[in-house]
Every structure is written in structure tokens, then in C-alpha cells.
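In what follows, a structure is listed as C-alpha cells, so that the remarks can point back to it.
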Amino acid sequence: MPAKPANAARPAKPGRPAKSAGPKAPVGKPLAPDAAAAPGNAGKTAPCAQPKKPAKAAQTARPPKALRARAQAIFSVLAARYPAPAPMLDFHDAWTLLVATVLAAQCTDARVNMVTPELFRRWPAIADLAQADVLDIEAVVHSTGFYHNKAKNLKAAAQRVMTVYGGAVPQTMAELVTLPGVARKTANIVLGSAFGINEGIAVDTHVTRLAFRLDLTKSADAVVIERDLMPLFDRSQWADINHCLVLFGREVCDARKPKCAPAEASPCPLLELCPRKGLK
Ligand code: SF4
């Protein structure tokens, strides 16, 4: 696979927050577009939900100055730790990022990175995937889980890009979310990491968990979390804060065993800025 672009962003690996360590996710709901994508990954047996149009990000309100100042201090710490945050999914353009992000739903980025080389070897162009036999696509993406829906959505998305958007991945949120399997999170990732357009903040399980523990939101709903986070960060920071939270969530603020270590010599670098909401 071709090299990643310099500004590449890496979707997240949806972890599963511990019961007491974060907002409770709805139980028993079908997998919606983006449900676990952007980089994340949970169980691989539940069925994917049919694509549905995601809710618009709610209107943002101006946050209290102290909260924004704390959010900016958090960003500074994370930006110093991750000077060039990027997605962990391999991609080389908007289409390959979109495909990888769709496949990352309920699957690890590492697994997706093992699958996409074969996928793009067999169907290198969008037009190729649009004409592919869905059963052949299923065979290639099988190990990423939810392969029936993923294969169906990828083929349908390729067809729509070809027939409606002239073979080019659209560059607006409104257009992207019309593609099967693409909701606001995937669209944010594609816009921010492939096009350099900060339209919103992609919210996956890592962002959900950290935003809650850091008390940057009181919600477990991705649309509300995005609405809460956007005014806390400059627009130019939106893609980076997603990548930073994802990376930090994987390395330090784990779902089950966050490395707060307040009594240790090397505590979490965010310890003084973090109320550790939901943790004992
Ligand atoms: S102190 Fe660090 S590891 Fe602990 S909850 Fe806060 S951000 Fe996560």
C-alpha cells in the first residue's frame, strides 16, 4: 500500500470502557454506521446495523472559560506527547481511508491493515469495487467481522461515488454521510485526515471514554460529545485532538486499567488536569 500522507489521521480503536470508568453505552443496539469505526474495535459477532443518516452535530454553546482553559492545557500536553498525530489505519487517499475506516468498525486497526492491501490489490480503483461481486468482497473482508454489511456497504458506497460524485470522494459532511456505511465519525476522519478539512471532531470509544474521565462532557452520546468538545478546541485542533485522545487512550488511559498512578514516580501526564470522573 502506498505511503500515508503527511497529515494522515488515524482512526481509533474502540475500547470498551469499564462499567464504572465512563459513560454507559447503549446495550443491545445494532451496529450503526461508524458505530465502532475510526479506529476502534470491539466484539466481532454482533450484526452490523443498516446505514442510517447520522444526526447533525448539535449547536455548540460557548463553554466556561475555565473549562476551555483546562481543555487547552490538556491539548498542550497531548500535542507535546504526539507532535505528529496520525491515524493508525494505512491509507493513501480519501477513498482508501474511507474504506479502512468502515472496515475498522468493531475491528482492530491492525487487522484492517492486514486486509486492505489485498482489497486494494484486487480492486484498486473505486470503479473496480463498484463492479465487484459482493461475495468476493465478503471473502476478503471476512476477518474484520460484520463482513456481510461491510462488503455490501463498501460496494454500495463505491457505486454511489461513481454514479453521483463522478468517481471522486465528496469533500463535504452532507455528501459523505449519504454514502452507505458512512456516518459523522467516518466523515470527520476522512475530511480531517484526507482533505485537511476540520468540519467536526470524530468521536469513537476512546474519545468518548477520555472526554468523560476528563470531564469535558457529561454525555455518552457521540453527537452531544462532539458538540461539547468542539468549542473547547480551536477548529485547527479538531483532527489532532481526535488522534491524540485515541493514541493516549490506547497507551495510558486504557478502558479497564488507566495508568493514572497518582502515587507513582511517573503518573499520567494529565493527572493534574483530570478529575478522573467515573474512576475510584
Ligand atoms: S489521570 Fe490520566 S489515565 Fe487517569 S483517568 Fe485521567 S487521563 Fe486517564
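Start counting the sequence shown at 924; every next residue gets the next number (this note's numbering). For glycine and all other residues, C-beta sits at the position ideal for the given N, C-alpha and C.
Selected residue, minimal CA-CA separation from residue i, among the options
i       : options                               : result
Ala996  : Gln1054, Gly1201 and Pro1192          : Pro1192
Tyr1070 : Ala1117, Ala1027, Leu1155 and Pro1190 : Ala1027
Pro987  : Asp1177, Asp1151 and Val1169          : Asp1151
Met1011 : Ala1002, Arg1034 and Val1000          : Arg1034
Asp1032 : Lys1182, Pro1185 and Val1169          : Val1169
Cys1167 : Ala1007, Trp1046, Ile1049 and Leu1194 : Ala1007
Ser1116 : Arg1004, Cys1176 and His1015          : His1015
Met876  : Pro1093, Asn1121 and Val1113          : The question about residue 876 has no answer here: the residues shown for the chain are numbered 924 through 1203.
Asn1036 : Leu1052, Ala1050 and Thr1019          : Thr1019
Val1113 : Phe998, Ile1060, Thr1024 and Ala1188  : Thr1024
His1129 : Phe1118, Gly1119, Asn1072 and Ile1148 : Ile1148
Lys1078 : Arg1132, Val1022 and Ala1091          : Val1022
Ala1106 : Arg1132, Gly1119, Pro1047 and Ala1145 : Ala1145
DSSP state of residue i mapped onto helix, strand, coil
i       : result
Cys1167 : helix
Arg1199 : coil
Ala1188 : coil
Leu1193 : coil
Cys1183 : coil
Leu1099 : helix
Gln1054 : helix
Pro974  : In this prediction, Pro974 scores a pLDDT of 39, lower than 50, which makes its location untrustworthy; the coordinate-derived value is nonetheless stated afterwards. Coil, per DSSP.
Ala1162 : helix
Gly1172 : helix
Ala1062 : helix
Trp884  : This structure leaves residue 884 out entirely; the chain is present only between 924 and 1203.
Leu1042 : helix
Val1092 : coil
Ala1023 : helix
Pro949  : Unreliable placement is indicated for Pro949, whose pLDDT of 35 sits below 50; the coordinate value is still reported in the next sentence. Correct three-state label for Pro949: coil.
Met1011 : coil
Enclosing alpha helix (DSSP H) for residue i [first to last residue]
i       : result
Ser999  : Lys988 to Arg1004
Tyr1070 : Tyr1070 to Val1087
(request) Mind listing, in chain order, the continuous alpha helix (DSSP H) runs of no fewer than 4 residues lying wholly within the stretch 1106-1156? (result) With a minimum length of 4 residues, the continuous alpha helix (DSSP H) runs that stay inside the stretch 1106-1156 are 1107-1117, 1128-1136 and 1145-1152.
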